[in-house]
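Let me begin by presenting the structure, written as structure tokens, before commenting on it.
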Amino acid sequence: MEEIKSHLTPETEREVSAKTEIGHHRQSLHNSPFCGDAYNFWHKDGITHLVMADGLGHGNLAELAAVAALDHIRNNTDKDFADLFRGCDAAIRHTRGVAMGVARIDEKTGLLRYAGIGNTRAMVFSQEKMTRLTSNFGIVGGGFRKLFIEEKQLLPNDLVIMFTDGLHERANITAYGAEGDLMALAYRIFQDYHIVRDDAAIMIYRMT
Numbered sequence: 002m003e004e005i006k007s008h009l010t011p012e013t014e015r016e017v018s019a020k021t022e023i024g025h026h027r028q029s030l031h032n033s034p035f036c037g038d039a040y041n042f043w044h045k046d047g048i049t050h051l052v053m054a055d056g057l058g059h060g061n062l063a064e065l066a067a068v069a070a071l072d073h074i075r076n077n078t079d080k081d082f083a084d085l086f087r088g089c090d091a092a093i094r095h096t097r098g099v100a101m102g103v104a105r106i107d108e109k110t111g112l113l114r115y116a117g118i119g120n121t122r123a124m125v126f127s128q129e130k131m132t133r134l135t136s137n138f139g140i141v142g143g144g145f146r147k148l149f150i151e152e153k154q155l156l157p158n159d160l161v162i163m164f165t166d167g168l169h170e171r172a173n174i175t176a177y178g179a180e181g182d183l184m185a186l187a188y189r190i191f192q193d194y195h196i197v198r199d200d201a202a203i204m205i206y207r208m209t
């Protein structure tokens, strides 16, 4: 695929590494101008950051919650996961809150670190096998009790797939393979597993 250098979501351009390969797609319920499912990605100091946020419900208030969460994460990349999630939980208390997953990938070593609260989903597709990453119960902006931080070593061409509950949880990603254009792959998975009664979003990263 053509290497992505920037992405606009929801309104602010974020820089990523010139080597980063990411595919993505999202759609609001009934094609509303507001979408409560949002994502972002950027590259800083050798680390690629991926964030998926699902504002509770849908519409304008859900989008405001998701945007607030994304902005907090983007502005606090120096924090460890525990402080990052606790800080975001406090910072967006004025919103509906979000389900959220955050991945950090060391581009040199291939080490993936992931944490999630709520029902956003994250998977790693490696050597034709799928591993589902753990997300803890709760709502960012509404409180949570524990945060499990998961680590996984990525290999070249491994995929990290993050999506919201607007796609079926048991999507069979292995059927698509790991090769080819990631924008096209994200769109195909979206079309095959989109739940039409909700906002939905998917983001796919390839380890190079």
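The opening position of the sequence shown corresponds to residue 2 in this note's numbering, with each subsequent residue numbered one higher.
Virtual Cβ for every residue (Gly too), placed ideally from N, Cα, C.
Note that the structure is predicted; figures quoted are calculated from it, not measured.
- For E151, the enclosing beta strand (DSSP E) starts and ends at E151 to Q154.
- R207 has its alpha-carbon roughly 7 Å from the corresponding atom of T21.
- In this structure, the beta-carbon distance from F149 to T165 does not fall below 8 Å.
- Here D107 carries a strand assignment [DSSP, helix/strand/coil].
- Note: K147 is not bridge-paired with any residue in the DSSP secondary-structure output.
- Note that the stretch 25-36 does not touch the stretch 168-176; fewer than 3 beta-carbon pairs, one per stretch, sit closer than 8 Å.
- Beta-bridge partners of H44 (DSSP): T49.
- Taking the C-beta atoms as reference points, G142 is found no nearer than 8 Å to G102.
- If you draw a straight line from the Cα of M204 to the Cα of K80, it comes to about 23 Å.
- By the neighbour-count criterion, in which a residue is buried when 16 or more other Cβ atoms sit within 10 angstroms of its Cβ, N32 is exposed.
- Excluding five sequence positions before and after F82, the CB atoms of its chain that fall closer than 6 Å to its own CB belong to A116 and I150, given in chain order.
- Assigned with DSSP and collapsed to three states, A201 falls in strand.
- In this structure, I162 is the residue among G47, I162 and E129 with its C-alpha nearest to the C-alpha of T121.
- Rounded to whole angstroms, the gap between the alpha carbons of A70 and D84 is 14 Å.
- In chain order, G111 and L112 place their CB closer than 7 Å to the CB of Q154, counting only its own chain and leaving out the 5 sequence neighbours on each side.
- Collapsing the DSSP output to three states places G98 in coil.
- Ranked by how close their Cα comes to the Cα of D72, the residues G181, G58 and A92 have A92 in first place.
- For G119, the closest alpha carbon among the candidates K109, E152 and E170 is that of E170.
- The C-beta distance from N41 to V52 rounds to 5 Å, short enough to fall under 8 Å.
- Judged by beta-carbon spacing, I196 lies beyond the 8 Å limit of L160, meaning their Cβ atoms are not closer than that value.
- In this structure, I74 lies away from A100, with their beta-carbon atoms at least 8 Å apart.
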